Structures are given as structure tokens and as C-alpha cells.
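In our numbering, the protein residues as written are 1 to 219. Every residue gets a Cβ at the ideal spot worked out from N, C-alpha and C, and that includes glycine. Small disclaimer: the values here were computed from a predicted structure and weren't measured.
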């Protein structure tokens, strides 16, 4: 009952703030249109939208479903409004729930994950301000060999998240590697298809194995 009331209120505020956010996004182009009379034309706008939607469109549906269990209801709204989901919100929520000893998808996990994501946004704002002043100067002074290492930051982050969950059920992690590596390297499929194939395909496999008592992860 408490969870239903909580989720209902989160959805209410989440939808309201999302709509406000959508309006704010359009303020700069509307300012240019009404103040300076600058408008590229609907044909140009349509082409620009189509080019972006062709690449990012599938992720508009894939990412909310794929990340929901870890982000939770409140965390999903915050994450998709604030951005930096894969390299900030998702790891923060996962680690926060791991440290607190709660499971993803549980009422406790919903609260802990939401708090972690909220704090991460505050810290990110402070870090961005500091980074704009200090980090840029430091990075510019680094040699190219060191700068190149930053290209591997996101893969390393995802690998760390994978390792965190693999420790709970190593048998599932082995299956993920056996299926995932050939799928990514040799299947030749579009990038946007890999996430849903891996997420939903392996979720179905895990459910089948769990219901049949095969490879049941330890609690």
C-alpha cells in the first residue's frame, strides 16, 4: 500500500517535471524565432529530427526498460531528465543498493537507489563547475598517451558493473560472455539491437533456469 502511494506520487511529480523540462528545452529556439525571427524551416527541422531519431530513437524505448530495475521509479525520472545514465546514474544506483544490502526492484532498493541518484546529481553539478575551471587545464597538460586512456573509461565502468553482478551468480555471467562476445563481434547486427537482444534474451533464459531449479543464485 505504501509502495503504491509512493509510486503514484513519484509518477505525478515525474510527469509534471518532465513536461516542464520539455518546455524549457524549446525555449532557446523559440527565443530565436520570436525575438530575432530566425527559423530554418519545417523541412530542415524534420530532416534534423529524422537523422537524430534514426540513431537515437530505438534507445528511447530500450534504455528505460533495460535500466528500470536498477534505477527504480524515481531514479528513472531523475536519470532521464539529468542525463549521464550509463556512466553515472546506473553505477551510482547499483553501488548504493549493493552497499546498503538491498536488492534491485525491492521497495528498499527503490528508496536507496533514488537517494543515491539524487545525491549524484548534486555532486555532478559541483564536479562540473570544478571541472570546468580545473580539470580542463590539467587534461590539456597531459600527454596524448594519457589522454587516450580516457577513451576506455566507459568500457571499464561497464566492466566493473558486470563484475559486481557476476559475483552474485557467476554461472549466469559465463553465459552472458559466451553469448554476448560472438553477438557483438561477429553477428554484424546494428548497435541498437544488441542491448535488447542481450537484456531480454538473457532475462528469459535466467527465468527458465530459475524456475527449473537450475543455476539458482545464492541469496
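Check	Outcome
Residue of 112, 187, 90 minimising C-alpha distance to residue 157	90
For residue 139, the first and last residue of its enclosing alpha helix (DSSP H)	136 to 141
Residue 194 vs residue 184 beta-carbon contact at 8 Å	yes
Segment limits, alpha helix (DSSP H) that includes residue 34	27 to 36
Enclosing alpha helix (DSSP H) for residue 130 [first to last residue]	107 to 130
Same chain only: Cβ atoms within 6 Å of residue 266, ignoring 5 sequence neighbours per side	This structure cannot speak to residue 266, because the chain is shown only from 1 to 219.
Chain-order list of residues whose beta-carbon lies under 6 Å from that of residue 74 (same chain, five-residue window excluded)	10, 114
Member of 25, 79, 159 whose CA lies at the smallest distance from the CA of residue 120	79
Sequence-distant residues of its chain with Cβ nearer than 6 Å to residue 116 (five each side left out)	92, 93, 96
Residue 104 in three-state terms, based on DSSP	coil
Pair within 8 Å by beta-carbon distance, residue 199 and residue 66	yes
Helix, strand or coil at residue 39 according to DSSP, with G and I counted as helix	coil
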